[in-house]
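Numbering (my numbering), first residue to last: 1 to 132.
Glycine included, each C-beta is placed from N, C-alpha and C at the ideal position.
A quick note: this is a predicted structure, and the numbers were derived from the prediction, not measured.
See below for the structure under consideration.
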């Protein structure tokens, strides 16, 4: 099922990425660089089922290795320390990251015309205030 994601993917467009980074709490300077960067996404899988996802750009290269459905510690491109798990859901490669009581999901889909689409969703963090 992962086979269709294996390969080198060149970013051609990015919609609402600044709003996504802002919701994650990424600072202004890092967001500016992130918005100008168009990384290649390189996905490989070995014969033991270990998957490697590398985001490569002139600014920064980040590589993670994992097995499906096995949580692991990830340091993201914006330096968040997350507990991450990848799975296949409805034919899509789904990445769930949790950190500091927050959660985000990145869902990658290969379309019929051979494009890799990544949709990012995030959960709103709620605060409870106790007033005496």
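Can you have a look at residue i and say buried or exposed, based on whether 16 or more other CB atoms are within 10 angstroms of its CB?
i, result
"residue 43", "buried"
"residue 6", "exposed"
"residue 86", "buried"
"residue 21", "buried"
"residue 30", "exposed"
"residue 32", "exposed"
"residue 48", "exposed"
"residue 104", "buried"
"residue 114", "exposed"
"residue 25", "exposed"
"residue 84", "buried"
"residue 82", "buried"
Using DSSP bridges, identify the partner residues of residue i.
i, result
"residue 110", "116"
Pick helix, strand or coil for residue i, following the three-state DSSP scheme.
i, result
"residue 92", "strand"
"residue 3", "helix"
- Message: Just to confirm the assignment: which complete beta strand (DSSP E) runs, minimum length 3, are found wholly within the segment 5–89?
- Response: Those beta strand (DSSP E) runs which fall completely within the segment 5–89 and span 3+ residues are 7–10, 40–45, 51–56, 61–66, 72–75, 81–89.
- Query: Hey, is the segment 31–38 in contact with the segment 46–65, meaning 3+ C-beta pairs nearer than 8 Å?
  - Reply: Touching, yes.
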